[in-house]
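Below is one structure; the comments refer to it alone.
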Amino acid sequence: MDGHENEQHRTGDETSPERGRARRLTAWRPGHRLRRLGVVLALLAVTLGGIVIGTYAGGHVGTDIGPFRAELKLSPSLSGGTTVDIPPLGALLLDSHDGPAYLTVEVGSLDQGRTEALIDDPASISRASQSAVQDVRDGVMRLGLRTLASVVLATLLLAALVFRDVRRTAWAGGLALVVTAGSLGMAASTLRPQAIEEPRYEGLLVNAPAIVGDARRIANDYTKYAEQLQRLVGNVSKLYTTVSALPVVQPSPGTTRVLHVSDIHLNPTGWQLIRTVVEQFGIDVVVDTGDMTDWGSEPEASFVGSIGLLKKPYVFIRGNHDSPRTAAAVAQQPNAIVLNDSVTTVGGLTIAGIGDPRFTPDKETSPAGSGLTSAVADQVIGAGEQLAATIDKSPRKVDIALIHDPASAGPLSGDCPLVLSGHTHSRQVSKLPQVEGKQPTTLMVQGSTGGAGLRGLEGEKPTPLTMTVLYFDQQKLLQAYDEITVGGTGQSQVNLERHVIRDPAKGDQVPVTPTPTRGPSESPSPGTTTLSPTPTS
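According to this note's numbering, the sequence shown is numbered sequentially starting from 479.
Quick look at the structure:
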């Protein structure tokens, strides 16, 4: 009996209120609280570790933005923001958003197939410009979802290895989901689209507002021109039909037709216009007096691929925006000839040319050719003197000399009847001061066949696209030329001015323009004088 009573007594003790209170007091002892705190801290550490690992492991996605292949990456950050890497030029830093997520956009190489498609189909340029923003949005959305999934998975795996407890693993995964989704949501809610107008520059882009001039003004102007550009592209077939209907001069048998282009500055619309004129006017030779690119970088080198599509001899000299790499890419085209203080004969014409002695892909050299310092004058005049010496040594009479900057033309007076140049983005025709006892020399400065590229949007009016068809008789003298002008961005007007030279031996009746000379003082460039050729028919 006593044993049974004792057993009941012990059982009653275990279930008594006093016993429960004792257990709760034990749970709140300092050692037990520290253990709980350790579990919470471990849970937070594992969650943060999973977020970092998951973000770096899965927070990247490749996407197509127009003809470019881009890589989007997310990384943890305290202040937020965006970096746009443009190898090898540098980077743009944008204060685009707040929050603990940093976006990096690395612009990769041009896709050759898509680039050629843009050049071949003008309507696709419009579609690409419309879809570019949507491409970025879709890429960022996919990046966010991929990062979220990668973070949760990494956190679950890390928590399972550390805790080996289902409940704690689930807590870590849920916490990672909440923190990551909240971070992405905060970045989205603080997005500042206007940050694109106020970037900071790194690398070669440090000099550049040079790449775009006044970024804010161009951004505003481009918004204004976007709708007009849409209309131009929409009516492109009509525009080219207009060009096709232009009257072509009926030259005598044996005439050589040369198309002079210059300063395309990466504008694919320029290539379309060149191809149309080459086909319609029966061009024999195309000569390019430089600045095909803007920065002469490796990604830009793919732009020269359209030369091969012309299937005509293409004679090129390097401009101050073209690097040796650009010239090498041009030389690889099957129908291209690159001149650098050298002479070639093509289409029956003997052509001498020299590249610009400078490589200044920023705006230290004004596109208008003004502010010609004595040091720059010595440099460009020296190039003209070097080419003149090469022409004097040539066993064949040189018919055309090619230079990029008209400031190089002075030393060539009397060495050949015609000098072609570009650089100033302003078309003009003039005579060089005649050297006694030598033949007269005409200087023809071409405008921009690419409408000056992005620079064409800097002024109040867009820069027109210009090119000239030159007609040479059997004696290889210029007998006529057609100046073709297409309205700049957003404009679709096409004009042609015909000039027939009554005395090819003496050249066109145009004013004489002085050229810069060596000396300590600054001299005006040919681009600073406004000349208007007088059409004779």
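Where a beta carbon is used, it is the ideal one built from N, C-alpha and C, also for glycine.
Given the structure is predicted, the values throughout are model-derived calculations rather than measurements.
Proximity of residue i and residue j at Cβ, strictly below 7 angstroms
i    : j    : result
S740 : Q924 : yes
H901 : H882 : yes
T868 : D819 : yes
G892 : K871 : no
T525 : L653 : yes
D834 : T920 : no
G559 : Y534 : no
G831 : P812 : no
H575 : T668 : yes
S908 : T963 : no
L890 : A866 : yes
G429 : M664 : In the structure as shown, the chain starts at 479 and stops at 1015, and residue 429 therefore has no counterpart that could be examined.
H738 : V782 : no
Rounded separation between residue i and residue j - CA only
i    : j    : result
S557 : D573 : 9 angstroms
T625 : G797 : 45 angstroms
Q864 : H799 : 21 angstroms
L515 : A650 : 15 angstroms
G536 : V629 : 8 angstroms
G748 : L817 : 22 angstroms
S801 : T944 : 23 angstroms
V684 : E914 : Here the model assigns V684 a pLDDT of 45, short of 50, so the residue's position is not dependable, and the following value carries that caveat. In a straight line, the C-alpha of V684 is about 49 angstroms away from that of E914.
A697 : I795 : Low per-residue confidence applies at A697: pLDDT is 43, beneath 50, and the placement is therefore not dependable, though the value from the model is reported in the following sentence. Cα-Cα distance, rounded: 32 angstroms.
L639 : A627 : 19 angstroms
V808 : L522 : 58 angstroms
V530 : G660 : 15 angstroms
P918 : P895 : 6 angstroms
L788 : H977 : 26 angstroms
I742 : R670 : 34 angstroms
S926 : Q810 : 24 angstroms
V755 : E975 : 15 angstroms
S784 : P731 : 30 angstroms
S780 : T851 : 34 angstroms
Exposed unless 16 or more other CB atoms sit within 10 angstroms - verdict on residue i
i    : result
E778 : buried
D643 : exposed
A666 : exposed
G540 : exposed
G760 : exposed
Q912 : exposed
V735 : The amino acid occupying residue 735 in the given sequence is Arg; Val does not appear at that position. Burial call: buried.
R753 : buried
P989 : exposed
G826 : exposed
V656 : exposed
Q750 : buried
L435 : There is simply no residue 435 to check, as the chain begins at 479 and stops at 1015 in what is shown.
T946 : buried
V518 : exposed
P942 : buried
P940 : buried
Proximal residues to residue i (C-beta, below 8 angstroms), its chain only, five neighbours per side dropped
i    : result
V824 : V763, P791, V793, I815
G828 : As written in the sequence, residue 828 is Thr, which differs from the Gly given in the question. Closer than 8 angstroms at Cβ, skipping near neighbours: V821, T822, S872, R874, K875, V876, D877, I878, K954.
G888 : I859, G862, L910, P911, T993, P994, T995
T838 : N798, H799
D616 : T541
T647 : L634, A637, A638, F641
K984 : P918
Residues near residue i by beta carbon distance below 6 angstroms, same chain, minus five either side
i    : result
G622 : L662
T582 : K551, T561
Q957 : Y949, D951, I979, P982
G528 : A632, T633, L636, A654
M619 : none
M922 : L898, V907
S553 : Y580
V960 : Here residue 960 is Asp; the residue named in the question, Val, does not match the sequence. Closer than 6 angstroms at the Cβ level, and outside the excluded window around D960, lie V947, L974, R976.
Q857 : P835
7 angstroms Cβ shell around residue i - same chain, five flanking residues per side excluded
i    : result
H538 : E549, L550, K551
T733 : Y949, F950, D951
S555 : P578, A579, Y580
R645 : none
S844 : Because S844 carries a pLDDT of 44, less than 50, the predicted location of this residue cannot be relied on, and no value is offered for it.
A806 : none
Short CB-CB distance (under 7 angstroms) between residue i and chain D
i    : result
P777 : Looking for chain D here will not work: only one protein chain is present.
Report task. Would you be able to state if there are at least three C-beta pairs under 8 angstroms between the region 767-781 and the region 869-878? Result -> no
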